[in-house]
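First the structure, in the form of structure tokens, and then the observations on it.
Protein chains: 2
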Amino acid sequence: MASKSNIKTSNKKEKRLESIKKAHSKKNTFTTTMEDYLEVISELVELKGYASPTDISNYMNVRPPSVTKMLRRLDADGYLKYTKYQGLKLTAKGTSIANDIRQKHSDLLDFFEIIGVDSSAANKDVEGIEHHMNPKTMKQLRKFTTFLKSNPNLLLSFDRANL
Amino acid sequence: MASKSNIKTSNKKEKRLESIKKAHSKKNTFTTTMEDYLEVISELVELKGYASPTDISNYMNVRPPSVTKMLRRLDADGYLKYTKYQGLKLTAKGTSIANDIRQKHSDLLDFFEIIGVDSSAANKDVEGIEHHMNPKTMKQLRKFTTFLKSNPNLLLSFDRANL
DNA sequence: TCTCAATGTGTTTAGCTGAGAACTTTTCTA
DNA sequence: TAGAAAAGTTCTCAGCTAAACACATTGAGA
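Those sequence lines, one after another, are chains A and B.
Here the first sequence is numbered in the numbering used here, starting from 59 and rising by one per residue.
Here the second sequence is numbered in the numbering used here, starting from 59 and rising by one per residue.
This is the structure we're talking about:
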């Protein structure tokens with residue numbers, strides 16, 4: 059009886075530990091939505107020097123309360139420094155991620171243009187896939203695109219075949 | 059006063075209509091997870107002639123109750139015919155989607171192999187992006203891959219440059 | 001200084017995905 | 001063929017993401 063009871067206790071403890079673990083690991087989750095926010099913020103800063111919640115709300119097509127919530131989260135996770143009513147500033151960590159994703163975006167667009175996808179469709183696809191490409195894969199793609207560009211005759215013959 | 063009251067009523071009616079609309083449109087949502095299930099099911103059927111909940115559970119890395127739930131959903135939305143304890147059968151609609159996604163998967167793998175992404179990384183990326191590629195983009199990519207394959211010397215010079 | 005637009009907060013809603021426990025059905029085997 | 005084992009199902013619940021509404025607060029310009 060005593061041992062059975064101990065087993066039960068042990069199971070409970072395990073469950074408790076597991077939920078604590080989950081609760082903590084949650085902190086580290088970085089979602090594609092967060093990535094999108096960082097991308098938009100970085101572009102706004104480049105465009106007009108700052109990024110107001112209202113601007114972000116417009117570009118992300120979400121309501122201002124959602125923006126505030128996300129800004130607090132991005133701040134808590136160290137991607138930017140956000141002081142209410144005072145504006146925000148990307149940290150090194152946030153800047154790095156924003157640059158990464160913007161680089162991916164433009165590299166992918168580049169490639170899609172080369173293979174003849176019209177820019178409207180290309181943009182749509184890129185937004186979907188840019189969050190799922192490993193750095194290694196992007197590196198290869200970049201190499202390949204560079205190679206293609208350095209051999210314009212190849213592209214010309216593809217374009218001819220592609221009529 | 060009467061008019062104000064009318065406006066309120068009108069707003070309420072609008073909201074009611076909107077929620078009805080949402081309730082109905084919900085039916086049409088098709089998620090990437092559903093697409094994954096269809097893909098796995100289709101592959102299992104090809105492999106061993108049928109797809110049991112346990113098999114699906116293994117391949118999807120989820121517990122059986124989750125599988126049952128998804129099967130009921132896929133049935134309700136017309137992607138397959140599912141009779142409990144009796145097995146399932148993809149409908150034309152479900153087959154078409156499964157084929158589409160499997161085609162995308164292999165075309166993307168094909169391309170990644172050509173540009174020199176190792177198959178482990180390639181597989182991982184493909185799983186992420188296959189759900190986000192438009193048919194038009196895939197068509198162009200397919201054309202491009204075919205073009206490359208029909209000009210092996212191009213690939214050779216890329217491989218040389220890529221050492 | 002007062003007002004109004006912008007911004008922030010707390011709370012609620014909605015959806016997706018998944019899991020555990022307990023039960024039912026089917027299958028296997030002794 | 002009975003009865004145990006395996007497979008499948010149902011019910012209930014939880015975690016997470018995302019967004020909206022209602023309301024409170026702030027601050028900049030008339």
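For glycine and all other residues, C-beta sits at the position ideal for the given N, C-alpha and C.
Residue closest to residue i, alpha-carbon to alpha-carbon, out of the options
i: Leu138(A); options: Ser115(A), His163(A), Tyr108(A); result: Tyr108(A)
i: Asn119(B); options: Lys106(B), Arg131(B), Val98(B); result: Val98(B)
i: Ile159(A); options: Gln198(A), Glu93(A), Thr87(A); result: Glu93(A)
i: Asn192(A); options: His189(B), Ala179(B), Thr204(B); result: Ala179(B)
i: Thr195(B); options: Leu166(B), Arg131(B), Thr90(B); result: Leu166(B)
i: Ser164(B); options: Ser124(B), Val125(B), Ala219(B), His189(B); result: His189(B)
i: Gly145(A); options: Arg200(A), Pro111(A), Ser177(A), Val125(A); result: Pro111(A)
i: Lys197(B); options: Lys162(B), Gly174(B), Lys127(B), Pro122(B); result: Lys162(B)
i: Asn157(A); options: Phe216(A), Val103(A), Asp217(A); result: Val103(A)
i: Gly217(A); options: Tyr117(B), Leu96(B), Thr204(B), Ser215(B); result: The residue asked about is misnamed: residue 217(A) is Asp in this sequence, not Gly. Here the closest residue by C-alpha is Thr204(B).
i: Thr90(B); options: Ser215(A), Pro210(A), Gly186(A); result: Gly186(A)
i: Val175(B); options: Phe202(A), Pro123(A), Met128(A); result: Phe202(A)
Counted within 10 angstroms of its Cβ, other Cβ atoms place residue i as buried (16 or more) or exposed
i: Glu171(B); result: exposed
i: Ala134(A); result: exposed
i: Ser208(A); result: exposed
i: Ala219(A); result: exposed
i: Ser100(A); result: buried
i: Lys80(B); result: Unreliable placement is indicated for Lys80(B), whose pLDDT of 47 sits below 50; the coordinate value is still reported in the next sentence. Classification of Lys80(B): exposed, given that the 10 Å Cβ count is below 16.
i: Leu105(A); result: exposed
i: Phe88(A); result: exposed
i: Ala150(A); result: exposed
i: Lys84(A); result: Any reading at Lys84(A) must be qualified, since the residue scores a pLDDT of 43, below 50, and its modelled position is unreliable; the value itself is stated next. It counts as exposed.
i: Asp183(B); result: buried
Where residue i sits in the DSSP three-state scheme
i: Ile159(B); result: helix
i: Ile173(A); result: coil
i: Ser63(B); result: Residue placement at Ser63(B) is flagged as unreliable, the pLDDT there being 34, under the threshold of 50; the coordinate-derived value follows with that caveat. Here Ser63(B) sits in helix by DSSP.
i: Ser164(A); result: helix
i: Asn220(B); result: coil
i: Asn181(B); result: helix
i: Lys70(A); result: Caution applies to Lys70(A), whose pLDDT of 42 falls short of 50 and renders its modelled position unreliable; the model cannot decide the point.
i: Ser215(B); result: helix
i: Met196(B); result: helix
Own chain partners of residue i with C-beta closer than 7 Å, once the 5 adjacent residues on each side are dropped
i: Lys147(A); result: Leu138, Lys139
i: Leu206(B); result: Ile172, Leu212, Leu213
Residues near residue i in its chain [Cβ-Cβ closer than 8 Å; skip 5 each side]
i: Arg131(A); result: Met92
i: Asn181(A); result: Leu167
Same chain, Cβ closer than 6 Å to residue i, neighbours up to 5 away in sequence not counted
i: Thr153(A); result: none
i: Arg200(B); result: Asp165
i: Ile155(A); result: Leu96
i: Val56(B); result: Because residue 56(B) is not part of the residues shown, which for chain B are 59 to 221, the question remains open.
i: Lys142(A); result: none
Inset, instruction - Counting only runs of 3+ residues fully inside the segment 73-157 of chain B, write out the beta strand (DSSP E) ranges in chain order. - result: 138-141, 145-148
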